[in-house]
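Number of protein chains: 2
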Amino acid sequence: MDENKPHVVVLGGGFAGLSAAKELAKANVSVTLVDRQNHHLFQPLLYQVASGGLSATEIAQPLRYILSSQTNVRVIMDEVAGIDRGNRCVSLRKTGSLQYDYLVVGLGLKTSYFGNDAWEAHAPGLKSLDEATEIRRRILMAFEQAELTQGSEDSNTEIEFVVVGGGPTGVELSGSIAELSRKVLRDEFRRFNATTAKIRLIEAAPRLLPVFDEKHSEYTLRELEKMGVQVHLNSPVTEITDNSVTFGDTQIKTNLIFWAAGLQAGKAPRTLEGVTRDRAGRILVEKDLTIPNDDRVYIVGDLVSLVDCKEQRVPGVAPAAMQTGKHAAQQIRNSIQGKPRKAFKYFDKGNMATIGRTRAIAEFKGIKVSGFFAWIMWLVVHLLFLVGMRNRISVVHNWFWAYFTWCMGARIITQKPYSGTLVK
Amino acid sequence: MDENKPHVVVLGGGFAGLSAAKELAKANVSVTLVDRQNHHLFQPLLYQVASGGLSATEIAQPLRYILSSQTNVRVIMDEVAGIDRGNRCVSLRKTGSLQYDYLVVGLGLKTSYFGNDAWEAHAPGLKSLDEATEIRRRILMAFEQAELTQGSEDSNTEIEFVVVGGGPTGVELSGSIAELSRKVLRDEFRRFNATTAKIRLIEAAPRLLPVFDEKHSEYTLRELEKMGVQVHLNSPVTEITDNSVTFGDTQIKTNLIFWAAGLQAGKAPRTLEGVTRDRAGRILVEKDLTIPNDDRVYIVGDLVSLVDCKEQRVPGVAPAAMQTGKHAAQQIRNSIQGKPRKAFKYFDKGNMATIGRTRAIAEFKGIKVSGFFAWIMWLVVHLLFLVGMRNRISVVHNWFWAYFTWCMGARIITQKPYSGTLVK
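Protein sequence lines, in the order shown, are assigned to chains A and B. Counting in this note's numbering, the first sequence runs from 37 upward without gaps. Counting in this note's numbering, the second sequence runs from 37 upward without gaps.
So, in structure tokens, the structure goes:
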């Protein structure tokens with residue numbers, strides 16, 4: 037680390053921040069990457085940890101390990117408290133403050149309960165490994181409890197899972213809970229019939245997966261229903277308590293509620309002054325991803341609110357995050373070398389979502405695929421982008437195993453019930 | 037499950053209880069297996085989870101999955117509160133009580149602090165996945181903290197790990213922490229030199245691994261010292277606080293203390309009346325593993341205190357646990373069929389311990405091996421006994437990867453610091 041080189045501080049080790057740091061490998065800068073976790077998390081597969089298909093360590097890789105050979109990067113495991121543009125510094129919870137010459141903000145979004153923060157305790161979101169492990173614990177414990185009570189006096193034991201939010205996460209999570217109950221756990225309980233578990237997916241909008249083609253929304257709905265998921269559309273949730281969820285005139289008695297309905301910016305990116313934000317707290321950026329009147333601060337990843345020069349809205353997906361991170365790093369290099377900065381052009385790699393085993397949908401530049409072929413595409417793409425060859429082999433092995441045996445191996449209940457807050 | 041068949045209740049899904057349940061597959065009985073966890077844990081590899089080499093799910097397998105095709109077994113996830121021989125019933129925390137015709141007690145041992153229970157919070161033991169994950173968190177966080185403070189005013193950052201107990205667990209844990217600091221993490225920190233971490237192994241007895249040949253104890257000591265572990269023999273620990281450990285005249289300032297020094301029976305097996313116990317709470321059993329004056333209660337696994345008919349003391353190791361479990365099940369079958377019960381004969385499969393990569397010791401019927409060949413033996417034996425082909429493939433893959441790359445992939449910090457008690 038050379039103190040005389042321009043200092044680039046990258047906040048966040050997700051897809052965006054990590055891409056920025058890597059892109060600066062050969063630049064004449066010193067880089068500090070800050071993340072409150074010690075690992076990069078492959079979020080697109082997080083739902084498989086929640087449903088017991090993969091273990092936490094298979095979709096995470098230590099940031100230090102990923103960047104160990106890139107000697108111009110220092111990794112700091114700390115939490116960002118605030119950003120002070122005037123003094124060009126970032127304050128961290130433990131380490132104090134960090135001066136920067138260039139700042140790349142890739143802090144992502146956190147779960148939003150649309151102002152109802154009290155719902156969080158009853159309906160965990162799915163953004164971190166801790167949350168995924170907690171959701172796994174709640175799902176598996178529900179079946180264990182049902183087996184204990186089934187056959188006693190009160191013998192109408194029922195399990196009811198409710199997933200709120202019909203985006204990709206909600207679809208994937210409800211689909212995999214359905215597979216767990218209908219297939220994986222079918223023969224493992226002697227008294228309770230695991231296949232009787234009810235699974236509901238609740239969506240406020242009139243269709244599932246609104247970013248996809250309408251035909252695909254219908255396909256998804258049909259396939260989920262075949263798998264045993266009851267889908268409620270046009271059903272905004274109005275109340276969640278420790279033992280119920282209410283939408284429209286319906287109240288479901290359950291404490292198995294999982295939240296995949298909304299995202300918003302966290303506290304740290306909100307300390308950035310002099311910027312305009314959208315309703316979720318995303319920051320309106322210039323065409324080159326800098327913020328207005330400050331060419332030293334870049335916003336990358338899910339925090340970006342931008343319609344690019346090709347009139348495309350940059351979406352909150354992993355490919356967009358990687359592209360914005362890389363672009364920001366390139367513009368920093370340009371600035372240092374006295375070259376002009378370029379506008380960001382989003383290359384749309386299409387959209388994919390998986391509904392269950394052998395069922396997925398994929399859209400790319402007008403080409404729309406669903407079913408088995410889309411599922412194979414989904415597998416390949418997710419493996420290619422999973423960081424680390426070791427993790428790739430491990431995930432392939434697990435998927436093959438699950439495919440042929442219907443055994444999901446990571447169905448281990450660890451951790452005591454969470455006492456702290458689930459979402460930071 | 038047939039209510040008219042004799043009911044065998046097996047307490048504990050460890051090596052002993054699981055072997056007993058499996059051995060009863062073809063017997064004309066109905067079996068209930070009770071464990072407070074949902075998984076069988078392969079304890080011999082637990083230290084590799086603690087040091088980030090394997091993930092928790094790789095060494096655990098859901099009990100229901102293992103026994104799913106054995107239709108005469110019902111699995112209950114519950115905690116044993118007490119055993120009432122008079123009424124032939126076991127009381128469980130959640131489910132109430134279970135009547136038995138035959139009882140197999142394989143509840144194992146828990147960590148013992150020799151009466152100093154306050155030490156537990158400062159020096160976690162290594163008996164469960166939760167504890168292993170907590171130890172991993174403490175180890176990895178120590179390096180992260182050191183990287184944060186290193187280079188500030190106070191620049192003599194030091195990390196000091198203390199492992200108490202020179203049996204196999206203590207040797208394996210201190211050895212793998214040494215490898216972590218000397219090899220795996222060597223190039224991952226920019227300011228803190230990870231190889232400077234001090235690792236101490238403290239043993240009250242005059243030598244390490246007292247069940248092994250003296251020559252092997254010396255070999256282990258030498259190899260550990262080569263790897264950078266400072267070994268203190270004849271050093272009973274007299275005090276542990278939140279920031280220090282004291283042995284003899286030495287006090288080490290550290291909060292990184294791990295306990296592998298002692299084991300004792302938990303509360304539930306202590307509720308069994310009319311038996312004699314040794315100091316650790318192990319139960320003195322008859323030659324056939326029943327308890328005195330009660331041929332319906334068998335003790336199996338680590339709880340057994342017995343010198344068998346070949347004058348061998350049955351040790352607290354996995355092969356002995358499996359053999360006692362199987363033997364108890366066979367005698368129950370004999371009793372039901374009106375055949376006489378047989379005395380238990382321990383078949384000594386020898387002892388093994390691993391010190392580090394490519395170093396291990398093995399002893400079998402007078403044959404004593406150390407070094408690389410012993411290490412290969414250790415690998416093969418541990419893989420053979422690991423439950424589940426999926427886990428075997430996964431562990432082999434991880435070991436190969438670690439062997440060739442020195443990358444230990446499971447170095448992920450999850451979980452908030454434990455608020456509850458670590459050892460139950």
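No residue lacks a Cβ here, since even glycine has one placed at the ideal position from N, Cα and C.
Members of the stretch 70 to 86 of chain A near chain B, C-beta cut-off 8 Å:
The residues in question are 73, 74 and 75.
With the cut-off set at 8 Å, would you say residue 202 of chain B and residue 237 of chain B are in Cβ contact?
Cβ atoms of residue 202 of chain B and residue 237 of chain B: closer than 8 Å.
So, using beta-carbon positions, are residue 296 of chain A and residue 200 of chain A closer together than 8 Å?
The Cβ atoms of residue 296 of chain A and residue 200 of chain A sit closer than 8 Å to each other.
Is there a Cβ from chain A that is less than 8 Å from the Cβ of residue 98 of chain B?
So yes, residue 98 of chain B belongs to the interface.
Looking at residue 83 of chain B: is its Cβ nearer than 8 Å to the Cβ of residue 185 of chain B?
Not closer than 8 Å, so no.
Which residues in chain A have a C-beta closer than 8 Å to the C-beta of residue 180 of chain B? List them in chain order.
Near residue 180 of chain B (Cβ distances below 8 Å), the residues of chain A are 74 and 113.
Apply the 10 Å Cβ neighbour rule to residue 392 of chain A and answer buried if 16 or more other Cβ atoms are within range, or exposed otherwise.
When all chains shown are included, residue 392 of chain A counts as buried.
Pairs of beta-carbons, one from the stretch 350 to 368 of chain A and one from the stretch 156 to 163 of chain A, closer than 8 Å: are there three or more?
Contact fails: fewer than three Cβ-Cβ distances are below 8 Å.
Beta-carbon within less than 7 Å of residue 326 of chain A's beta-carbon, same chain only, minus the 5 sequence neighbours each way: which residues are those?
Answer for residue 326 of chain A: 333 and 334, listed in chain order.
Assign residue 338 of chain B to buried or exposed, taking buried as 16 or more other Cβ atoms, counted over all protein chains shown, within 10 Å of its Cβ.
Classification of residue 338 of chain B: buried, given that the 10 Å Cβ count is 16 or more.
Minimum Cβ-Cβ distance from residue 101 of chain A to chain B less than 8 Å:
Residue 101 of chain A counts as touching chain B.
CA-CA distance, residue 347 of chain B and residue 377 of chain B?
Cα to Cα, residue 347 of chain B sits roughly 19 Å from residue 377 of chain B.
Residues that DSSP places opposite residue 125 of chain A in a beta bridge:
Here residue 125 of chain A is bridged, per DSSP, to A/120 and A/135.
Presumed contact (8 Å Cβ cut-off) between residue 379 of chain B and residue 209 of chain B, rounded CB distance
37 Å between Cβ atoms; not a contact.
Which value, in whole angstroms, describes the spacing of the CA atoms of residue 153 of chain A and residue 275 of chain A?
Near 11 Å, if we compare the C-alpha coordinates of residue 275 of chain A and residue 153 of chain A.
For residue 247 of chain A, the three-state DSSP class (helix, strand or coil)
In the structure shown, residue 247 of chain A sits in coil (DSSP, three-state: anything other than H, G, I, E or B).
DSSP on residue 85 of chain B, reduced to helix/strand/coil?
Assigned with DSSP and collapsed to three states, residue 85 of chain B falls in helix.
Per DSSP, what kind of secondary structure is residue 418 of chain A in: helix, strand or coil?
Residue state, collapsed to three classes: helix.
Have a look at A/382, A/413 and A/385 and flag the residue whose alpha-carbon is nearest the alpha-carbon of residue 395 of chain A.
Closest option to residue 395 of chain A, Cα to Cα, is A/413.
Where residue 163 of chain B falls, given that 16 or more other Cβ within 10 Å makes a residue buried:
So residue 163 of chain B ends up on the buried side.
Which ranges does the beta strand (DSSP E) cover as unbroken runs of at least 3 residues, wholly within the stretch 243 to 326 of chain A, from first to last along the chain?
265 to 268, 273 to 277, 280 to 283, 286 to 289, 292 to 295 and 299 to 301, all fully within the stretch 243 to 326 of chain A.
Neighbourhood of residue 461 of chain B by C-beta distance below 6 Å, restricted to the same chain and skipping five residues each side
Residue 461 of chain B lies beyond the range of chain B shown here (37 to 460); nothing can be said about it.
Assumed close pair residue 307 of chain A, residue 119 of chain A - CB separation to whole angstroms, cut-off 8 Å:
So it is a contact: roughly 5 Å between Cβ atoms.
Establish whether the CB of residue 54 of chain A and some CB of chain B are separated by less than 8 Å.
At a cut-off of 8 Å between beta carbons, residue 54 of chain A makes no contact with chain B.
Best match in B/262, B/104 and B/257 for proximity to residue 269 of chain B [C-alpha to C-alpha]
Selection B/262, B/104 and B/257 evaluated against residue 269 of chain B yields B/257 as nearest (Cα-Cα).
The beta strand (DSSP E) that contains residue 196 of chain B, what's its start and end?
Its beta strand (DSSP E) spans residues 196 to 200.
Rounded to whole angstroms, what's the CA-CA distance from residue 464 of chain A to residue 106 of chain A? Just pull it up for me.
As displayed, chain A neither begins before 37 nor continues past 460, which places residue 464 of chain A out of reach and without an answer.
On a CA-only basis, which of B/417, B/304, B/408 and B/406 is nearest residue 127 of chain B? Give me that one, please.
Each of B/417, B/304, B/408 and B/406 was checked against the Cα of residue 127 of chain B, and the nearest Cα belongs to B/304.
I think residue 319 of chain B touches residue 336 of chain B, with their Cβ atoms under 8 Å apart; what is that distance to the nearest whole Å?
Between residue 319 of chain B and residue 336 of chain B a beta carbon distance of about 10 Å is seen, past the 8 Å cut, so the two are scored as non-contacting.
Kindly say whether residue 216 of chain B, judged by its beta-carbon, lies nearer than 8 Å to any beta-carbon of chain A.
Not closer than 8 Å to any Cβ of chain A, the Cβ of residue 216 of chain B fails to qualify, so no.
Neighbour flag for residue 447 of chain A against chain B, beta carbons, 8 Å
Residue contact with chain B for residue 447 of chain A: present (Cβ-Cβ distance below 8 Å to some residue of chain B).
When DSSP labels each residue in this structure, what does residue 165 of chain B get in the three-state scheme?
Three-state result, residue 165 of chain B: helix.
Could you tell me the alpha carbon to alpha carbon distance between residue 283 of chain B and residue 230 of chain A, rounded to whole angstroms?
Going by C-alpha positions, residue 283 of chain B is about 54 Å away from residue 230 of chain A.
Taking the alpha carbon of residue 290 of chain A as the point to measure from, which residue in A/329, A/255, A/181 and A/195 has its own alpha carbon closest?
If we check each option's Cα against that of residue 290 of chain A, A/195 comes out closest.
Using the rule of at least 16 other Cβ atoms within 10 Å of the residue's Cβ for burial, across every protein chain shown, is residue 198 of chain B buried or exposed?
So residue 198 of chain B counts as buried.
Quick one: Cα of residue 88 of chain A to Cα of residue 79 of chain A, how far?
Taking the straight line from one Cα to the other gives about 15 Å.
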